[in-house]
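Enquirer:
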Amino acid sequence: MLHLQVISVISVFFVITSIICFCLKTHPDLRIPDIDTEIKNTSTHALFITKTTTRAHPAFFYIEFVSNIWFTVELFVRFLFCPKISKFVRQPINVIDLIATLSFYIDWALDQAVTGANRDTVEFISIIRILRLFKLTQHSSGLKILIQTFKASAQVNLTEIYKCLQKEIIER
């Protein structure tokens, strides 16, 4: 039983680490400028250096890489030893885990292929990884209650929005 608790603690550590990493890599002070250089062969031999974009510090990539190795191995082991594969693929937490893990590898592959201003579009894909917060619900009953509260309030809010829209349509 102790080994399961250790695995659980390691999993929580990597979830929290990846989420903190995700947040920190967007902070302007922790980003590196992509410097574009332009050398013009004129009589003045001018050299222009312009800062157009920034990117995350490479250390964040390595932290996320190690974290995603853990998530990949964890997902693979859970899949390998699940009693019913059909039930495994229908559980929302497993779908979220798969999508979040795949988004890292897709982001990594696209980052190698895309440069310049298009890099911001690639970084947008990494937002999917914030869904890993839902993995923490496996380890905390307080978070499970919070998720249930969000679900309940979302249903009430959607009902109210529907009623408002319906009223607006009727009045027209």
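Quick note on UniProt numbering: the sequence shown kicks off at 1 and runs consecutively. Here a beta-carbon is modelled for each residue, glycine too, at the ideal position from N, C-alpha and C. Nothing here was measured: the structure is a model prediction, and the numbers come from that model.
1. Hey, would you say T17 sits closer than 8 Å to I32, going by beta carbons?
2. Tell me, please, which residues DSSP counts as bridged to A56.
3. Would you report the Cα separation of D107 and T101, rounded to the nearest angstrom?
4. Near L131, which residues of its chain fall below 8 Å by C-beta distance, leaving aside the five closest residues on each side in sequence?
5. Indicate, with yes or no, if the ligand ATP has a heavy atom lying under 7 Å from the CB of T101.
6. Could you say which of P58, E160, L136 and I161 lies nearest to S8 if we only look at CA atoms?
7. Please confirm whether I128 and S153 have their CB atoms less than 8 Å apart.
Expert: So, from the listed chains and residues:
1. Cβ distance not < 8 Å, so T17 and I32 don't count as in contact.
2. R31
3. 10 Å
4. I96, I99 and A100
5. With respect to small molecules bound, the structure shown includes none, and the ligand ATP cannot be examined in it.
6. L136
7. No, these two residues do not count as a Cβ contact at 8 Å.
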